[in-house]
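Residue numbers (the working numbering), protein chains in the order written: chain A, 2 to 321; chain B, 4 to 250. Cβ coordinates follow ideal geometry from the N, Cα and C atoms, glycine included. These numbers come from a predicted model, not from an experiment.
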Ligand SMILES: Cc1cc2nc3c(=O)[nH]c(=O)nc-3n(C[C@H](O)[C@H](O)[C@H](O)COP(=O)(O)OP(=O)(O)OC[C@H]3O[C@@H](n4cnc5c(N)ncnc54)[C@H](O)[C@@H]3O)c2cc1C
Ligand SMILES: Nc1ncnc2c1ncn2[C@@H]1O[C@H](COP(=O)(O)O)[C@@H](O)[C@H]1O
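This is the structure in structure tokens:
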């Protein structure tokens, strides 16, 4: 028996969300008294034996070039085959774009119960109960998985990475015949930016910023904090900012360590996407803005005056 | 061409989220039910647009749910679609729902199955993937653009830190989100027409649920906001650094 962790990579590098699920899977394996193994698909540049520091003993690597793009059908075949040969009782994904494409397929293939968006380790005292977010972050559900084989996808940024430096894992290469049915004709990466769903800090702007020409100061603030930028829905709808920055009930749901909301009123649909952030700072000129009720820290003031000062003060604090 | 659009009902986005029966059941007292926004605004509207370009295309809607889903599915029919199928069952297990949809899809022989990106109540973001697996079809998740040229679909999809353009032959299952289409408002003619469109009810096929909800919880309440005067931004930075340890 084992816990099999599907490690996601992008352009040869292991993603941050994968370190989170490696830790999650290794801790679960300890809890269940079984081995933790990782599965990596596609060409990688990183040293895979180093994944041992997160607690896995073995890394299975399918290096076929055809696996460099996520074709969910092909990926599901790979994961299901490896899970069966390794006798995996639990398969772990990140609930990121790759997990959303593949985990459900693997679960259906293996007739395994699936919990997506998990935020904590399973409670195995009675059954196999996994806590997950529901109602777009407004509540949690405790879900019991009833099948023998179980699949869990873990919400990004909900599990703390722990590592023991120097520990290594055995790497085993597996050959599989992979023929994708989906042809990838272009890949457009948003280069230079911190991906929103992986960001520790997010700086977000709303209609209070008046227009796209005013985002420069927000980007400056994001830069000194090494933060990703986000926005409210009307901002994306008005094409002031790209659609992939839209957070909320109908946009991305994020859970960074720090969320700074500037000129955003805090409508319930917006909060649904950000209320799992650990610390929320609200800057709004209206003291009655509903967002203050969901905030940890706030400044009642004009964004156009506060933001440049905030950037300057952070630079001072960081000595840059 | 035959298109199947998966429609689910969800509480209105402003609904107060509360639970009853010892936190085991969602309390729907006073809750307005709506069509899941992703299903309505993107999956359904894109299907309607495809039919406007190719009037020979047929659109069926499918929902898995009790009789209380019917007002919502009628609302969907008011936007468009030729007929609707309701699989009579109450379930929150994604596999159970996917198995029912796959069964309908097999019987109907659809070229295209469209779902929303996720339900805004259950947030599984997974029914489409399961349906695709059960039908042994390719699945393109989180589409932001969908075009059809003969039997080849060109789809933009979200990947981490960007997007990818995919080309895939029909049949295919696609989950739709913002970008795929623009929200439409149903007109009077549509609302009238929806009253007479067929809404078939079929019984669920026997599928065991693989998961079960034990209980719900609400997140802990925030302690209250600490306000810092606008002329003392340095104090906010100090608090974030020393107290919250967030920067
Ligand atoms: C079904 C549905 C789904 C939705 N999904 C989402 C979603 O996913 N995400 C989302 O964000 N919204 C969503 N919405 C929209 C949501 O209800 C709000 O309309 C939206 O969040 C408001 O955006 P905003 O806060 O940027 O703008 P506004 O509500 O206009 O607020 C602007 C704020 O800026 C402040 N302000 C103005 N000038 C300044 C200044 N100089 N300095 C500082 N503050 C200033 C104002 O006091 C105000 O609080 C959804 C709505 C519906 C019906
Ligand atoms: N009960 C249901 N009936 C019909 N379609 C559904 C149902 N539940 C989910 N779907 C479809 O599957 C998509 C993803 O749902 P979920 O996996 O629950 O987030 C939704 O956007 C719908 O298109």
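Within-8 Å CB hit, residue i to chain B
i: residue 141(A); result: yes
i: residue 297(A); result: yes
i: residue 45(A); result: no
i: residue 246(A); result: no
i: residue 259(A); result: yes
i: residue 137(A); result: yes
i: residue 114(A); result: yes
i: residue 87(A); result: no
i: residue 104(A); result: yes
i: residue 229(A); result: no
i: residue 126(A); result: no
i: residue 222(A); result: no
i: residue 211(A); result: no
i: residue 109(A); result: yes
i: residue 318(A); result: yes
i: residue 11(A); result: yes
CB contact below 8 Å: residue i versus chain A
i: residue 153(B); result: no
i: residue 99(B); result: no
i: residue 219(B); result: yes
i: residue 24(B); result: no
i: residue 42(B); result: no
i: residue 250(B); result: yes
i: residue 73(B); result: no
i: residue 128(B); result: yes
Residues that residue i bridges to, as DSSP identifies them
i: residue 205(B); result: 90(B)
i: residue 36(B); result: 14(B)
i: residue 310(A); result: According to DSSP, which records beta bridges pairwise, residue 310(A) is partnered with nothing at all.
i: residue 117(B); result: 8(B) and 177(B)
i: residue 21(A); result: Note: residue 21(A) sits in no beta bridge, so no partner.
i: residue 183(A); result: According to DSSP, residue 183(A) bridges with nothing at all.
i: residue 150(B); result: 157(B)
i: residue 124(A); result: 130(A)
i: residue 184(B); result: Bridge partners of residue 184(B): none, in fact.
i: residue 143(A); result: 132(A) and 218(B)
i: residue 38(A); result: 5(A) and 59(A)
i: residue 110(A); result: Partner(s): none; residue 110(A) has no beta bridge.
i: residue 66(B); result: 89(B)
Residue i (DSSP reduced to helix, strand or coil)
i: residue 241(A); result: coil
i: residue 233(A); result: coil
i: residue 129(A); result: coil
i: residue 383(A); result: In the structure as shown, chain A starts at 2 and stops at 321, and residue 383(A) therefore has no counterpart that could be examined.
i: residue 98(B); result: helix
i: residue 246(A); result: helix
i: residue 92(A); result: strand
i: residue 76(A); result: helix
i: residue 281(A); result: strand
i: residue 215(A); result: helix
Sub-8 Å separation of residue i and residue j beta-carbons
i: residue 1(A); j: residue 118(A); result: Nothing about residue 1(A) can be reported from this structure: the residues present for chain A run from 2 to 321 only.
i: residue 273(A); j: residue 138(A); result: yes
i: residue 144(B); j: residue 27(B); result: no
i: residue 41(A); j: residue 60(A); result: yes
i: residue 200(A); j: residue 288(A); result: no
i: residue 136(B); j: residue 77(A); result: yes
i: residue 39(B); j: residue 16(B); result: no
i: residue 9(A); j: residue 228(B); result: no
i: residue 146(A); j: residue 120(A); result: no
i: residue 231(A); j: residue 225(B); result: no
i: residue 233(B); j: residue 302(A); result: yes
i: residue 170(B); j: residue 184(A); result: yes
Distance, residue j Cα to residue i Cα
i: residue 206(B); j: residue 91(B); result: 5 Å
i: residue 1(B); j: residue 177(B); result: Here chain B comprises residues numbered 4 to 250, so residue 1(B) is not present and cannot be evaluated.
i: residue 199(B); j: residue 35(B); result: 24 Å
i: residue 246(A); j: residue 204(A); result: 10 Å
i: residue 113(B); j: residue 130(B); result: 17 Å
i: residue 191(A); j: residue 191(B); result: 43 Å
i: residue 150(B); j: residue 164(A); result: 45 Å
i: residue 299(A); j: residue 309(A); result: 16 Å
i: residue 110(B); j: residue 142(B); result: 19 Å
i: residue 259(B); j: residue 12(A); result: This structure cannot speak to residue 259(B), because chain B is shown only from 4 to 250.
i: residue 292(A); j: residue 103(B); result: 41 Å
i: residue 117(B); j: residue 181(B); result: 14 Å
i: residue 109(A); j: residue 202(B); result: 28 Å
i: residue 250(A); j: residue 130(A); result: 25 Å
i: residue 132(A); j: residue 248(A); result: 23 Å
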